[in-house]
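Letter by letter, the sequence shown follows residues 109 to 531 in the numbering used here. From the three backbone atoms N, C-alpha and C, an ideal C-beta is built for every residue, glycine too. Shown next, in structure tokens, is the structure this report addresses.
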Amino acid sequence: MKVSVLGLGYVGLPLACAIAKLTDHEVVGYDESQNKVAQINNKLCPIDDVQCADDLKVVDFKCSSNSEIIENSDIYIVCVPTPVLNDYTPDLSPVKSATETIAKYLKTGQSVIIESTINPGVCDEIVVPILEKMTDMRAGTDFDVAHCPERINPGDPVWNVYNIPRNIGSTSPEATRRLAEFYREFVSNEINEMPNLKTAEATKIIENTFRDINIAFVNELAKSFDVLGIDLISVIKGASNKPFAFMPHFPSCGVGGHCIPVDPYYLIERAKQSGFDHKFLKLAREINNSMPEYTIEKLIDALNIIEKPIKNTSIGLLGLSYKANVGDIRESPSIKLRNILLEKQANLFIFDPYFPEMSNVKSLDEILDKCDAILIATDHNEFNGLSAELLFDKGVKVVVDGKNMLDKFEITSKGILYRGIGH
Ligand SMILES: NC(=O)c1ccc[n+]([C@@H]2O[C@H](COP(=O)([O-])OP(=O)(O)OC[C@H]3O[C@@H](n4cnc5c(N)ncnc54)[C@H](O)[C@@H]3O)[C@@H](O)[C@H]2O)c1
109 MKVSVLGLGY VGLPLACAIA KLTDHEVVGY DESQNKVAQI NNKLCPIDDV QCADDLKVVD
169 FKCSSNSEII ENSDIYIVCV PTPVLNDYTP DLSPVKSATE TIAKYLKTGQ SVIIESTINP
229 GVCDEIVVPI LEKMTDMRAG TDFDVAHCPE RINPGDPVWN VYNIPRNIGS TSPEATRRLA
289 EFYREFVSNE INEMPNLKTA EATKIIENTF RDINIAFVNE LAKSFDVLGI DLISVIKGAS
349 NKPFAFMPHF PSCGVGGHCI PVDPYYLIER AKQSGFDHKF LKLAREINNS MPEYTIEKLI
409 DALNIIEKPI KNTSIGLLGL SYKANVGDIR ESPSIKLRNI LLEKQANLFI FDPYFPEMSN
469 VKSLDEILDK CDAILIATDH NEFNGLSAEL LFDKGVKVVV DGKNMLDKFE ITSKGILYRG
529 IGH
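Have a look at this one:
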């Protein structure tokens, strides 16, 4: 078969490489970014994914920013972004435009698979109508549309595109079986065949809203326990030895990335259109969105104790990425923290080893030398070595630990003010 992948980012490129590596199919890619296409065709991996970078070097894979490359594909796989607009409503324009691109080439017997994260209804209400209207063919008889949501977890040393179990639903039972077989050619784990498109779409959305709600719960507890003087991290550790029905989640300075702070809005908005108000999901989003401001409040409180205003005080922001050990700042709370600190006219220093171009100091040593207070926003391995002794020797007076990653007791024992999140 010929397989084409539309959108060669964190999801599309590892997928294209995996299919090219483990199957006999011809694999091509289409991405509207000429820059990305040039890098990939030169075997340079544009994303922070070691496995993908290795695969790219050995696979036979060509891509283009000219959509003609996808012509005559048996399977078209859509991996384009699904962001939200400034008002948090879903931006489905990349999915619509990728679908229109496919419609120009779609022929009888071919299949379209959407891997992008979408709310229940997008395939039936948007993708299928575009394809039917532009081709004058019928989904489920002339061609098929499937949804097989991606679950890739960048930076995960165990779970990757080759072994994460998948779910798939489509416009016909025959296509679901056939396309599930296709995934089994390169995924070593379960490919669960689902009854239809909507159940597959909803599965992915509840996975990410589950995370958002649980994180919002502990973030709210962090605020409450800070007032009550209870250490939430010790409490979570205590609750975690219950061998059933408790799953630990941890508070922090915010929720970032392309999925968790975005996907819930897709369900909230679609349910609203059908007259249902997702109060719980909206509240979770509100709480998680409030964490950067809350973190800065903790910094200001601590600075007050040492009688320093935030304005003109040297503050070191450690980490820009939304999660540890990856170079990805999409929806990162660090960016909000940076913006608030700039608004408040702090004398701001930034260090992220994954973003030297966005850092204004060159090393951990340099930022510690320059700052009275540090705010840890990302738990990169590089920050693990921040011992109480080092902080003391460098003259740091306040540590706001947005990831609760340092040893609070050691730090306070050196006379340094420590503020964690619920810790
Ligand atoms: N990144 C993750 O960890 C992750 C995990 C699971 C699911 N997802 C979902 O997968 C989808 C893709 O995410 P990503 O992280 O790979 O995004 P990305 O931004 O890394 O990559 C998307 C690519 O699509 C290209 N593109 C945009 N519009 C296009 C169009 N109309 N035609 C062709 N190419 C187009 C962009 O240039 C970009 O290279 C999203 O729906 C996301 O929610 C992401």
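Is there a Cβ of chain D sitting closer than 8 Å to that of L305, yes or no?
Although the question refers to chain D, the structure presented lacks it and comprises just one protein chain.
Which one or two residues does DSSP pair with P198 in a beta bridge?
Your numbering for residue 198 matches position 90 in the sequence shown. Bridge partners of P198: V192.
Take E439 as the anchor and find which of V363, I418, Y373 has the nearest alpha-carbon.
Counting from one through the sequence shown, the residue named residue 439 turns up at place 331. Comparing Cα positions, the closest option is V363.
Quick check on the burial criterion: 16 or more other C-beta atoms within 10 angstroms. Buried or exposed for V506?
On the sequence shown, position 398 is the one that residue 506 refers to. Per the 10 Å Cβ criterion, buried.
Mapping the DSSP letters down to three states, classify S495 as helix, strand or coil.
Against the sequence shown, residue 495 aligns to sequence position 387. Residue state, collapsed to three classes: coil.
Among I313, T486, G510, F457, which one has its Cα closest to the Cα of Y402?
Looking up residue 402 in the sequence shown gives position 294. Nearest of I313, T486, G510, F457 to Y402, Cα basis: G510.
Beta-bridge partners of R527, as assigned by DSSP:
Within the sequence shown, residue 527 is the residue found at index 419, counting from 1. Paired residue(s): V508.
Select from E394, F352, E451, N349 the residue whose C-alpha is nearest the C-alpha of N420.
Translated into positions along the sequence shown, residue 420 becomes position 312. With distances taken between Cα atoms, N420 lies closest to E451.
Rounded to whole angstroms, what is the Cα-Cα separation between I321 and L389?
As a working mapping, residue 321 is identified with position 213 in the sequence shown. As a working mapping, residue 389 is identified with position 281 in the sequence shown. Roughly 7 Å between the two C-alpha positions.
For my contact list, V113 and V135 are in at a C-beta cut-off of 8 Å; report their separation, rounded to the angstrom.
As a first step, residue 113 must be located in the sequence shown, where it is residue number 5. As a first step, residue 135 must be located in the sequence shown, where it is residue number 27. So it is a contact: roughly 7 Å between Cβ atoms.
So, with DSSP's three-state summary, where would you put F169?
Mapped onto the sequence shown, residue 169 falls at position 61. Here F169 sits in coil by DSSP.
Under 8 Å by Cβ, that's how I've got T225 and Y373 pegged, so tell me the actual separation to the nearest angstrom.
Residue numbering aside, residue 225 sits at position 117 when the sequence shown is read from its first letter. Residue numbering aside, residue 373 sits at position 265 when the sequence shown is read from its first letter. That pair is no contact at about 11 Å.
By DSSP, does E439 sit in helix, in strand, or in coil?
Walking along the sequence shown from the start, residue 439 turns up at place 331. Coil.
Have a look at the DSSP bridge pairing and note the partners of K135.
Mapped onto the sequence shown, residue 135 falls at position 27. Rather than Lys, the amino acid found at residue 135 in this sequence is Val. Answer by DSSP bridge pairing, in chain order: V111.
Residue nearest to N468 in terms of C-alpha spacing, selected from L428, I404, E497:
Residue mapping note: residue 468 aligns to position 360 of the sequence shown, counting from 1. Checking every option, the nearest Cα to that of N468 belongs to L428.
Backbone CA spacing between E436 and L121 [nearest angstrom]
The sequence position of residue 436 within the sequence shown is 328, counting from 1. The sequence position of residue 121 within the sequence shown is 13, counting from 1. Position check: residue 436 holds Asp in this sequence, whereas Glu was assumed. So the two alpha carbons sit approximately 16 Å from each other.
Could you tell me whether any non-hydrogen atom of ligand 3 is closer than 7 Å to the CB of A308?
Ligand 3 is absent from the structure shown, which contains only ligand 1.
Classification of M355 by the beta-carbon crowding that lies within 10 angstroms, buried from 16 upward:
Counted from its first residue, the sequence shown places residue 355 at position 247. Counting Cβ neighbours within 10 Å, M355 comes out exposed, since fewer than 16 surround it.
If you draw a straight line from the C-alpha of A247 to the C-alpha of N174, how long is it?
Sequence index remark: in the sequence shown, residue 247 carries index 139 (1-based). Sequence index remark: in the sequence shown, residue 174 carries index 66 (1-based). Distance between the alpha carbons of A247 and N174: 26 Å.
Rounded straight-line distance, which links the Cα of N433 to that of P265:
Working through the sequence shown from its first residue, we reach residue 265 at position 157. Working through the sequence shown from its first residue, we reach residue 433 at position 325. If I take the Cα positions, the gap works out to 11 Å.
Compute the Euclidean distance between the alpha carbons of L116 and E258, then round it to the nearest angstrom.
Residue numbering aside, residue 116 sits at position 8 when the sequence shown is read from its first letter. Residue numbering aside, residue 258 sits at position 150 when the sequence shown is read from its first letter. Each residue's Cα considered, the two are about 13 Å apart.
In chain order, what residues of the same chain have a beta carbon less than 7 Å from the beta carbon of A288, not counting five sequence neighbours either side?
Here the question's residue 288 lines up with position 180 in the sequence shown. The answer, listed in chain order, is I276, I299, E301.
Report the start-end ranges of each beta strand (DSSP E) in the segment 379 to 467 that is 3 residues or longer and not cut off at the edges.
422 to 426, 455 to 459
Among the candidates K502, K306, I185, whose CA atom is the shortest distance from the CA of G137?
Sequence index remark: in the sequence shown, residue 137 carries index 29 (1-based). Nearest of K502, K306, I185 to G137, Cα basis: I185.
For V253, I'd like the list of residues in its chain whose CB is within less than 6 Å of its CB, leaving aside the five on either flank, ordered along the chain.
In the sequence shown, the residue the question calls residue 253 occupies position 145. Here the set comprises V220, C231, V235, V236, A247, T279.
Along the chain, where does the alpha helix (DSSP H) containing I238 start, and where does it finish?
Position 130 of the sequence shown, counted from the first residue, corresponds to residue 238. 236 to 243 is the extent of the alpha helix (DSSP H) around I238.
For A50, is the classification buried or exposed, using 16 other Cβ atoms within 10 angstroms of its Cβ as the cut-off for buried?
It is not possible to answer for residue 50, since the shown part of the chain is limited to 109 through 531.
Residues near M466 by beta carbon distance below 7 Å, same chain, minus five either side
The residue you call residue 466 lines up with position 358 of the sequence shown. Within the same chain, M466 has close Cβ partners L428, I458, D460.
Between the segment 511 to 531 and the segment 406 to 416, are three or more C-beta pairs nearer than 8 Å?
yes
May I have the straight-line CA-CA distance separating E208 from S201, to the nearest angstrom?
Residue mapping note: residue 208 aligns to position 100 of the sequence shown, counting from 1. Residue mapping note: residue 201 aligns to position 93 of the sequence shown, counting from 1. Near 10 Å, if we compare the C-alpha coordinates of S201 and E208.
Output the distance between the C-alpha atoms of I272 and G503, rounded to the nearest integer angstrom.
Within the sequence shown, the letter at position 164 stands for residue 272. Within the sequence shown, the letter at position 395 stands for residue 503. One C-alpha to the other measures close to 46 Å.
State the start and end residues of the unbroken alpha helix (DSSP H) segment that holds Y291.
Translated into the one-based positions of the sequence shown, residue 291 becomes position 183. First-last of the alpha helix (DSSP H) with Y291: 281 to 292.
Let me know the secondary structure DSSP gives F354 once reduced to three states.
Locating residue 354 in the sequence shown gives position 246, counting from the first residue. In this structure, F354 counts as coil in the three-state DSSP scheme.
Taking all protein chains shown into account, do 16 or more other C-beta atoms lie within 10 angstroms of the C-beta of F290, making it buried, or fewer, making it exposed?
In the sequence shown, residue 290 corresponds to position 182, counting from 1. Answer is buried; the Cβ neighbour count reaches 16.
Please list, in chain order, all residues of the same chain as R446 whose beta carbon is under 8 Å from its beta carbon, the five residues on each side excluded.
As a working mapping, residue 446 is identified with position 338 in the sequence shown. The answer, listed in chain order, is L425, L428, L456, I458.
Rounded to whole angstroms, what is the Cα-Cα separation between A330 and L340?
As a position in the sequence shown, residue 330 is number 222, starting the count at 1. As a position in the sequence shown, residue 340 is number 232, starting the count at 1. Rounded to the nearest angstrom, the two C-alpha atoms are 6 Å apart.
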